[in-house]
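Taking it in order: structure first as structure tokens, then the write-up.
Protein chains in written order, with the numbering used here: chain L, 1 to 181; chain E, 1001 to 1262.
This is the structure:
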């Protein structure tokens, strides 16, 4: 049972991050109608376990819960993420490293082309990416979180955050050339 | 290039992302910058990454939580425990686009923004009225618009006949914001024009009424899940509100400002 002051503290510390929570869910679920339900469920879960939150990073704490809720949701709907994820499951560290190394030499659109891309194109380029890469790009570029925060949210070592982000950017670059065609 | 240099180059390439994200130690960062100066491929890689980063930050739709979600969560929280219903926290996250809007004000002249807030004692109630009117209209389907038309040549005369000023009604369909229609509303003791545009599945209400004084650049605020942008062109005051993301609403406003009436 929550007290009034719990509720007030939740309202003060967690509710301001509702937009970030919803935005993450939208991107993880690829804009699916489930985002509202999943975010709501995550918020209730957060409320339930709010006693256990003593840290100073409410946003990262909440986003971790939202992320877990999204993954559970996707798990029982495998078809959803299966579409257009030809590269899903490809977390071969060797592969990731090789690509990160070769990264900047891959043929891809130049900075100018990306800079002039319109909103639909940016949306489409990100939407095509597999889950793990969409996720890391939203956390880094949209929510502007640090590697440490991303590591905590996505439950990854910091080194993996770095290599996955590098890979995600390479994939996004390729995705741009794909959608610009 | 020696084998040692090549190895070092590979090692450096791996630091590109961390360098851009300001996640390198100062020492590594200095080392990388030294390498960057003499490595064209890292320079190109950095330029591409920066372009990707700006594209995501500036152009990606930010999905702000819809009002229905705010309500549902607060309902459930109320049911889950304490009875007090707290007010919406005003300490919302300030998205980058809002900070951009704030910096636009600085560029356009801090003094005009300050005079605006200083000279408008009732300034704070307007966003609340704008929000209330928008939400009321969007949620009750038959109150959204009183004249339904995507043609500004239909909407404009309808409004002109009911207002004591000529509301600027613009065609933004080709910019992705088709006109839905218009209605006459009442904000801050003014009879105002409410123009309703669509952005994909969302509605944008643009409230317009005459105002005197200097033009004021765009300022941003938010109510619940809705973003609000306000500006003035010296003859009219404009308030745009919607649950579309901040950057999207900013895009709408820029388009509106760019397009002439016809």
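Built from N, CA and C at the ideal position, the CB exists for glycine as well.
Could one say the Cβ of residue i lies closer than 8 Å to chain L's Cβ atoms, at least one of them?
i                      : result
residue 1054 (chain E) : yes
residue 1217 (chain E) : no
residue 1201 (chain E) : no
residue 1259 (chain E) : no
residue 1061 (chain E) : yes
residue 1212 (chain E) : no
residue 1220 (chain E) : no
residue 1091 (chain E) : The pLDDT assigned to residue 1091 (chain E) is 33, lower than 50, so where the model puts this residue is not dependable; a value taken from the coordinates is nonetheless given after this. Chain L contact via Cβ: present.
Can you round the beta-carbon distance between residue i and residue j to whole angstroms, since I take them to be within the 8 Å contact cut?
i                      : j                      : result
residue 1188 (chain E) : residue 1228 (chain E) : Rounded, the Cβ-Cβ distance is 14 Å, inconsistent with contact.
residue 65 (chain L)   : residue 46 (chain L)   : 5 Å
residue 1046 (chain E) : residue 1012 (chain E) : Not really, about 11 Å apart at Cβ, beyond 8 Å.
residue 1200 (chain E) : residue 1184 (chain E) : Contact doesn't hold; Cβ gap of about 26 Å is too wide.
residue 149 (chain L)  : residue 57 (chain L)   : 7 Å
residue 131 (chain L)  : residue 139 (chain L)  : At roughly 12 Å, the Cβ-Cβ gap does not stay under 8 Å, so residue 131 (chain L) and residue 139 (chain L) are not in contact.
residue 1232 (chain E) : residue 1211 (chain E) : 6 Å
residue 128 (chain L)  : residue 54 (chain L)   : 39 Å between Cβ atoms; not a contact.
residue 143 (chain L)  : residue 20 (chain L)   : 6 Å
residue 26 (chain L)   : residue 1063 (chain E) : 4 Å
In chain E, which residues lie with their C-beta within 7 Å of the C-beta of residue i?
i                     : result
residue 172 (chain L) : 1052
residue 43 (chain L)  : 1073
residue 134 (chain L) : Neighbours of residue 134 (chain L) on chain E: none; closest Cβ ~11 Å, over 7 Å.
residue 137 (chain L) : 1056
Is the beta carbon of residue i sitting closer than 8 Å to the one on residue j?
i                      : j                      : result
residue 1206 (chain E) : residue 1166 (chain E) : no
residue 1058 (chain E) : residue 1245 (chain E) : no
residue 1181 (chain E) : residue 1169 (chain E) : no
residue 137 (chain L)  : residue 126 (chain L)  : yes
residue 1208 (chain E) : residue 1238 (chain E) : yes
residue 169 (chain L)  : residue 1049 (chain E) : yes
residue 1155 (chain E) : residue 18 (chain L)   : no
residue 135 (chain L)  : residue 63 (chain L)   : no
residue 1077 (chain E) : residue 114 (chain L)  : no
residue 1135 (chain E) : residue 1067 (chain E) : yes
residue 1224 (chain E) : residue 1070 (chain E) : yes
residue 1255 (chain E) : residue 1144 (chain E) : no
residue 1252 (chain E) : residue 1177 (chain E) : yes
residue 133 (chain L)  : residue 1023 (chain E) : no
residue 1133 (chain E) : residue 1055 (chain E) : no
residue 1017 (chain E) : residue 165 (chain L)  : yes
residue 24 (chain L)   : residue 67 (chain L)   : yes
residue 69 (chain L)   : residue 41 (chain L)   : yes
residue 1150 (chain E) : residue 1179 (chain E) : yes
residue 50 (chain L)   : residue 6 (chain L)    : yes
residue 1014 (chain E) : residue 1032 (chain E) : no
residue 176 (chain L)  : residue 111 (chain L)  : no
Along chain L, in chain order, which residues have C-beta atoms closer than 9 Å to that of residue i?
i                      : result
residue 1066 (chain E) : 22, 36
residue 1070 (chain E) : 15, 18
residue 1021 (chain E) : 140, 146, 147, 162, 165
Along chain E, which residues have their Cβ under 8 Å away from the Cβ of residue i?
i                     : result
residue 142 (chain L) : 1056, 1057, 1060, 1062
residue 117 (chain L) : 1055, 1059
Using a beta-carbon distance below 8 Å, is residue i in contact with chain E?
i                     : result
residue 145 (chain L) : no
residue 32 (chain L)  : no
residue 66 (chain L)  : no
residue 76 (chain L)  : no
residue 181 (chain L) : no
residue 126 (chain L) : yes
residue 29 (chain L)  : no
residue 114 (chain L) : yes
residue 54 (chain L)  : no
Interface residues of chain L around residue i at Cβ under 7 Å?
i                      : result
residue 1017 (chain E) : 162, 165, 166, 169
List the residues of chain E that residue i touches, going by C-beta distances under 9 Å, in chain order.
i                     : result
residue 178 (chain L) : Those within 9 Å of residue 178 (chain L) in chain E number zero; the least Cβ separation is about 14 Å.
residue 187 (chain L) : Lying outside 1 to 181, the shown extent of chain L, residue 187 (chain L) is not represented and no answer is given.
Handout entry: Secondary structure, beta strand (DSSP E): runs of 3+ residues fully inside the region 1173-1215 of chain E
Key = 1179-1187, 1190-1199, 1202-1210
Handout entry: Complete runs of the alpha helix (DSSP H) confined to the region 115-174 of chain L [at least 4 residues]
Key = 119-127, 131-137, 147-154
Exercise for the section: Note down, one range per segment and in chain order, each beta strand (DSSP E) of at least 3 residues found wholly within the region 1004-1057 of chain E. Expected result: none
Problem - Runs of alpha helix (DSSP H) wholly within the region 20-63 of chain L (minimum 4 residues, chain order) - result: Those alpha helix (DSSP H) runs which fall completely within the region 20-63 of chain L and span 4+ residues are 34-48.
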